[in-house]
Amino acid sequence: MDINNLNQIIEGVNSSCLICADELSKDNATVCSDQENSWSIGPYCIDCCKHYQDVMWINYITNIINADCEKSLKRAVTYPAPEYLTFNAMITGSPIINYYHCGQIYSAKLNIPYNELKIKEINDDIEKLREKMLDDNFDYLSEIHFFVERHCMHKYKK
Numbered sequence: 016m017d018i019n020n021l022n023q024i025i026e027g028v029n030s031s032c033l034i035c036a037d038e039l040s041k042d043n044a045t046v047c048s049d050q051e052n053s054w055s056i057g058p059y060c061i062d063c064c065k066h067y068q069d070v071m072w073i074n075y076i077t078n079i080i081n082a083d084c085e086k087s088l089k090r091a092v093t094y095p096a097p098e099y100l101t102f103n104a105m106i107t108g109s110p111i112i113n114y115y116h117c118g119q120i121y122s123a124k125l126n127i128p129y130n131e132l133k134i135k136e137i138n139d140d141i142e143k144l145r146e147k148m149l150d151d152n153f154d155y156l157s158e159i160h161f162f163v164e165r166h167c168m169h170k171y172k173k
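At position 22 of the sequence shown the residue is numbered 37 (my numbering), and the sequence of numbers has no breaks.
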């Protein structure tokens, strides 16, 4: 996509950020691409894009670690860990692959503090948690403790 075309998309912005509700303008709006490389006005301002990239994955992991009952753990592990910003601010949303702001294209990949191998290992353990939850004798507290210990995630525990 030509940068001039992306600038033209921003010129016509008439909406507000889904997260902070600030009015989007050419100064703070983003243009986002999906998996098919189709570009459209982004749902977030540039500040929320950057913040959301930093916290989305950590929030997901924190919800698992701090689950205080089996139901909250089940809700937390229903979906795999997110890897990208999404168009609707939910894990299940369509991923944003890239976003554009003020002449620069950024990757919308989340800032995850682990390498790809460790992320795969964490996702495998989350899948195992999902499978274990089908057992009537499932002990969610022990499983969360094991997850925290295995991945050294004490800093996310409240």
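Glycine included, every Cβ here is placed at the ideal spot set by N, Cα and C.
This one's a predicted model, so the numbers in the text were calculated from it and none came from an experiment.
| Query | Result |
| --- | --- |
| Enclosing alpha helix (DSSP H) for residue 66 [first to last residue] | 61-80 |
| Local conformation of residue 50 per DSSP, three classes | coil |
| Sheet register partners of residue 116 (DSSP bridge) | 119 |
| Assigned exposure category for residue 13 - 16 Cβ within 10 Å defines buried | Absent from the structure is residue 13, since the part of the chain shown begins at 16 and ends at 173. |
| Option nearest residue 56 by Cα separation, candidates 69, 111, 158 | 111 |
| C-beta contact flag for residue 44 and residue 73 at 7 Å | no |
| Cut-off 6 Å between Cβ atoms - residues of its own chain near residue 48, not counting five sequence neighbours on either side | 54, 112, 113 |
| Cα-Cα separation between residue 142 and residue 92, rounded to whole angstroms | 8 Å |
| Residue 31 - DSSP class collapsed to helix/strand/coil | strand |
| Bridge-paired residues (DSSP) for residue 55 | 47 |
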